[in-house]
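*Asks:* Under the numbering used here, think of the first position of the sequence shown as 29, with each following residue one higher.
Cβ coordinates follow ideal geometry from the N, Cα and C atoms, glycine included.
Please read all numbers here as calculations on a predicted model, not as lab measurements.
One structure coming up, written as structure tokens, with questions to follow.
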Amino acid sequence: MGSPKTYQTYRMGQEQMDTILSWALPEKDYEPVFTVISSHTDEQKEKDRLLAIGTAAIKNKLLHHKRGLQAFVKDNLDRFGYVDINDSMFYP
């Protein structure tokens, strides 16, 4: 096996931190929104239902990630006055 990958560390810019901290994120997760289209067959209605559930799950995954990133930025600014990130982290 190879050695563990090392990552380059960067200092996050002020504009990027301001953007992340300005996100108005909902406190509650998204709930699936079910729209019943009367002209759809039962099979299509079931597909629509599954699509709504899947869409809510994806939106919640992104929401949880954004909440975590926002908390990370707040915490690091409070503790150190700056935020360092590396290539293994996802950030906008």
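Does the separation of the CB atoms of Pro54 and Ile81 fall below 8 angstroms?
*Replies:* No, the pair does not count as a contact, with Cβ atoms beyond the cut-off.
*Asks:* In the DSSP assignment, find the unbroken alpha helix (DSSP H) run with Ile113 in it and report its ends.
*Replies:* It is not in any alpha helix (DSSP H) - Ile113 instead sits in the beta strand (DSSP E) that spans Asp112 to Asn114.
*Asks:* Is the region 43 to 52 close to the region 98 to 109, with three or more CB pairs under 8 angstroms?
*Replies:* Touching, per the Cβ criterion.
*Asks:* Tell me whether Val64 is buried or exposed, calling it buried when 16 or more other Cβ atoms sit within 10 Å of its Cβ.
*Replies:* Exposed, since its Cβ has fewer than 16 Cβ neighbours within 10 Å.
*Asks:* Thinking C-beta only, is Thr37 closer than 8 angstroms to Asn88?
*Replies:* For Asn88 and Thr37, no; Cβs fall outside 8 angstroms.
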